[in-house]
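Scroll down for the structure; my scribbles are underneath it.
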Amino acid sequence: MTSTASSTDLRQGQAPHDRRTPWQQRLRRFGYTPATDAPAGGVRDRLVPPYAEPSPRLWQALGAPPVLADRITRWSGWAGPLLVTLMAGVMRFWNLGSPRAVIFDETYYAKDAWALVHRGFEVNWDKNANDLVLQSHGHLTIPADAAYVVHPPVGKYVIGLGELMFGFDPFGWRFMTALLGTLSVLLLCRIGRRMFRSTFLGCLAGVLMAVDGLHFVMSRTALLDGVLMFFVVAAFGCLVVDRDRSRRRLAEALPTGPDGLVRPDEGVADTFRFGWRPWRWGAGVMLGLAFGTKWNGLYILVAFCVMAVLWDVGARKVAGARHPYRAALKHDTGITFLATVPVTVAVYLASWTGWILSPADGTGGYFRNWAATDGKGGHWTFLPDWLRSLWHYEHEVYNFHVHLSSPHTYQSNPWSWILLGRPVSYFYESPSPGADGCPADAGQKCAREVLAIGTPLLWWAACFAILYVLWRWAFRRDWRAGAIACGIAAGYLPWFMYQERTIFLFYAVVFLPFLCLAVAMLIGAVIGPPSSTDTRRVIGASAAGVLVLLIAWNFIYFWPLYTGQAIPIDSWRSRMWLDTWV
Numbered sequence: 006m007t008s009t010a011s012s013t014d015l016r017q018g019q020a021p022h023d024r025r026t027p028w029q030q031r032l033r034r035f036g037y038t039p040a041t042d043a044p045a046g047g048v049r050d051r052l053v054p055p056y057a058e059p060s061p062r063l064w065q066a067l068g069a070p071p072v073l074a075d076r077i078t079r080w081s082g083w084a085g086p087l088l089v090t091l092m093a094g095v096m097r098f099w100n101l102g103s104p105r106a107v108i109f110d111e112t113y114y115a116k117d118a119w120a121l122v123h124r125g126f127e128v129n130w131d132k133n134a135n136d137l138v139l140q141s142h143g144h145l146t147i148p149a150d151a152a153y154v155v156h157p158p159v160g161k162y163v164i165g166l167g168e169l170m171f172g173f174d175p176f177g178w179r180f181m182t183a184l185l186g187t188l189s190v191l192l193l194c195r196i197g198r199r200m201f202r203s204t205f206l207g208c209l210a211g212v213l214m215a216v217d218g219l220h221f222v223m224s225r226t227a228l229l230d231g232v233l234m235f236f237v238v239a240a241f242g243c244l245v246v247d248r249d250r251s252r253r254r255l256a257e258a259l260p261t262g263p264d265g266l267v268r269p270d271e272g273v274a275d276t277f278r279f280g281w282r283p284w285r286w287g288a289g290v291m292l293g294l295a296f297g298t299k300w301n302g303l304y305i306l307v308a309f310c311v312m313a314v315l316w317d318v319g320a321r322k323v324a325g326a327r328h329p330y331r332a333a334l335k336h337d338t339g340i341t342f343l344a345t346v347p348v349t350v351a352v353y354l355a356s357w358t359g360w361i362l363s364p365a366d367g368t369g370g371y372f373r374n375w376a377a378t379d380g381k382g383g384h385w386t387f388l389p390d391w392l393r394s395l396w397h398y399e400h401e402v403y404n405f406h407v408h409l410s411s412p413h414t415y416q417s418n419p420w421s422w423i424l425l426g427r428p429v430s431y432f433y434e435s436p437s438p439g440a441d442g443c444p445a446d447a448g449q450k451c452a453r454e455v456l457a458i459g460t461p462l463l464w465w466a467a468c469f470a471i472l473y474v475l476w477r478w479a480f481r482r483d484w485r486a487g488a489i490a491c492g493i494a495a496g497y498l499p500w501f502m503y504q505e506r507t508i509f510l511f512y513a514v515v516f517l518p519f520l521c522l523a524v525a526m527l528i529g530a531v532i533g534p535p536s537s538t539d540t541r542r543v544i545g546a547s548a549a550g551v552l553v554l555l556i557a558w559n560f561i562y563f564w565p566l567y568t569g570q571a572i573p574i575d576s577w578r579s580r581m582w583l584d585t586w587v
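Okay, so the sequence shown: first residue is 6 according to our numbering, each after it adds one.
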């Protein structure tokens, strides 16, 4: 007779499925999959999953020989994203200087950028400076009086770089935002490919962002939020690459069994050191540039740091660590902190170099002489005057931001952003028939507008995609869904803390790339896994294709509102789908 008296497990006679805790059993009805239910396979494939390859039946149907099929597969990882990027670039640079006007907040950033790249600090311009800039093609004297501005300098330096290359005119101050907007599409294609292990889904995410109206308009306008979005995507991409490379190194350190499969090892997983991890340091630089563009980059810094540490915990757990959180805290948290927080602060301080080097006698940047005048005395006089003056400046800016509640025609509550409740009109004119592109036979005045609004069908589909990635993260433990949700939350949720502040829908461009990743992930689920039946795949692909085509059509339909083309007033009204868009 077999005795079990020496065991404390009273459920030894039960099947493994029945040994799960009650909450796990209850969650299974919603699709919960514990780690023990993961598909069987080597630890290496769980740490570094292989990339998906097109089915051989596809090449057979196309009549492609094996050698050509292999080359296309290898080249598609870059060829596909570059083609999508080319399409996005052509659209964004087409007629970039139109409207030939200073639209919306370009009145601040275009002129601040010009002053920064020439003087090192922002200045006060005359009230009629916009007209003078356009009339003189930028050939005017820069004022000497320092201006009080409330955003860090990085984004304005980026805009100013385009002005130095192409002149102080609409094309010049929009060039760099168009370039970064185009490059962000390339980054998203490559990030999506690496996350989903699918060139198709990666390129799909890039296509979705390329045909989003908000991203398109922000790429063609000299505002800071498009620059911020680029640095956030670049930082996220650095972390994704770091995740892949560090997990590959961990897999290489694990022992290999007689069957050739990599085995988990408690000793290796608990003690392995990933080293200096250059891509994580690169993420720190990108986050510093994001913080140096707008302060909400700080929220993204915190979220990304937590996400990176959790990724390390997950890697050690898969590798067999007995105490993955303790191991990550001991070996990973320190280097993650050093590679992000100090680097971010250093990059932020470096971005103020022009202001720091300006004279401290009252002729330099705003508040540059504060420590030598109003800031004399106190407990911090041992610090350099420039640092104390900068700290005072930042303190004043913080007070401005938290108390900004001036009503604005186009302000909106973040609750309405995902539904595109209140877009922002950057530019509007009513040309008469025969003038400024208005057809001579229009019969009445036309409407010419640049409206910062996302492609409606894409954003409304994203509402369902967000629910899908949350479900996928909570019940399937899918790290990709968690990363996408983290990016959305970091760029979106902090705005809910400022319900009384004057804020706008175009701030949402920062988390737009993650919405596109979410929609791409949802479309991938609609198409179905490769193991599905042909019928299931055909139906899924057809449904996904219809959705993508509708989103593309929606972008084309709103094209005149994105580019400021003159259209008959009735055509303009037909595009005002919601009353709040007017």
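No residue lacks a Cβ here, since even glycine has one placed at the ideal position from N, Cα and C.
Could you give the DSSP three-state label for residue i: helix, strand or coil?
i, result
"S595", "Nothing about residue 595 can be reported from this structure: the residues present for the chain run from 6 to 587 only."
"F241", "helix"
"S189", "helix"
"V163", "helix"
"V429", "strand"
"M214", "helix"
"T358", "helix"
"H156", "coil"
"E58", "coil"
"N559", "helix"
"A288", "helix"
"W420", "helix"
"A43", "Only weak support is given to the placement of A43: the predicted model assigns it a pLDDT of 45, under 50, and the value that follows is read from those uncertain coordinates. Coil at A43, not helix or strand."
"D441", "coil"
"A227", "coil"
"R2", "With the chain covering only 6 through 587, there is no way to say anything about residue 2."
"W178", "helix"
"S251", "helix"
Looking only at its chain, what residues have a beta carbon closer than 6 Å to the beta carbon of residue i, apart from the 5 residues adjacent to it on each side?
i, result
"D270", "L259, P260, G325"
"I196", "G242, V245"
"K322", "P329"
"D14", "Any reading at D14 must be qualified, since the residue scores a pLDDT of 38, below 50, and its modelled position is unreliable; the value itself is stated next. Here the set comprises nothing."
Give the single residue among the options whose Cα lies nearest to the Cα of residue i.
i, options, result
"A149", "V273, F98, W119, G172", "W119"
"F516", "Y562, L462, P419", "P419"
"Y567", "P71, A215, D136, I147", "A215"
"T298", "T276, M234, A548, G492", "M234"
"R414", "I508, R331, T386, Y371", "First, the amino acid is wrong: residue 414 is Thr here, not Arg. The residue with the shortest Cα to Cα distance from T414 is I508."
"L294", "H336, H408, V163, A440", "V163"
"K116", "V514, C208, A134, W99", "A134"
"T112", "D575, L139, A440", "L139"
"D217", "R578, A548, I532, A513", "A513"
"A57", "T78, L73, A69", "T78"
"N100", "A377, Q449, R580, Q570", "Q570"
"G467", "S356, V48, I489", "Looking at the sequence shown, residue 467 is not Gly but Ala. Nearest of S356, V48, I489 to A467, Cα basis: I489."
"T345", "A355, A333, L306, Y353", "L306"
"P389", "W286, F405, I361", "I361"
"C194", "R49, T540, P436, C208", "C208"
"G160", "M291, L145, I493, R327", "M291"
"Y562", "I574, L552, S579", "S579"
"R202", "D110, G82, D366, F171", "G82"
"N301", "A557, I528, P157", "P157"
"I528", "A470, W500, G496", "A470"
Tell me which residues share the same chain as residue i and place their Cβ nearer than 7 Å to its Cβ, disregarding the 5 neighbours each side in the sequence.
i, result
"P461", "L425, N559, W582"
"C491", "A308, M312"
"G231", "T182, L185, G186, M223, S224, V514"
"L475", "A490"
"A377", "A365, D390"
Per DSSP, which residues does residue i bridge with? Please list them.
i, result
"P573", "C451"
"E434", "R453"
"V267", "T261"
"V128", "A151"
Taking Cβ positions only, does residue i come closer than 9 Å to chain B?
i, result
"V402", "Here there is only one protein chain, and chain B is not present."
Looking only at its chain, what residues have a beta carbon closer than 8 Å to the beta carbon of residue i, apart from the 5 residues adjacent to it on each side?
i, result
"V95", "none"
"E505", "S410"
"L137", "D131, L145"
Check your understanding: Can you give, in chain order, each stretch of the alpha helix (DSSP H) that sits fully within the stretch 361-417 and has at least 4 residues?
Key -> Here the runs fully enclosed are 390-407.
Check your understanding: For the stretch 317-351, which segments carrying the alpha helix (DSSP H) assignment without a break, of at least 4 residues, lie completely within its bounds, in sequence order?
Key -> Fully enclosed alpha helix (DSSP H) runs of 4 or longer: 329-336.
**Study point:** Complete alpha helix (DSSP H) runs within the stretch 67-150 (minimum length 4 residues, chain order)
**Key:** Secondary structure within the stretch 67-150: the alpha helix (DSSP H) runs of 4 or more consecutive residues, fully enclosed, are 71-98, 111-124, 134-141 (chain order).
**Study point:** Ranges of the alpha helix (DSSP H) found wholly within the stretch 454-518, counting only runs of at least 4
**Key:** Listed in chain order, the complete alpha helix (DSSP H) runs (minimum 4 residues) inside the stretch 454-518 are 461-481, 484-497.
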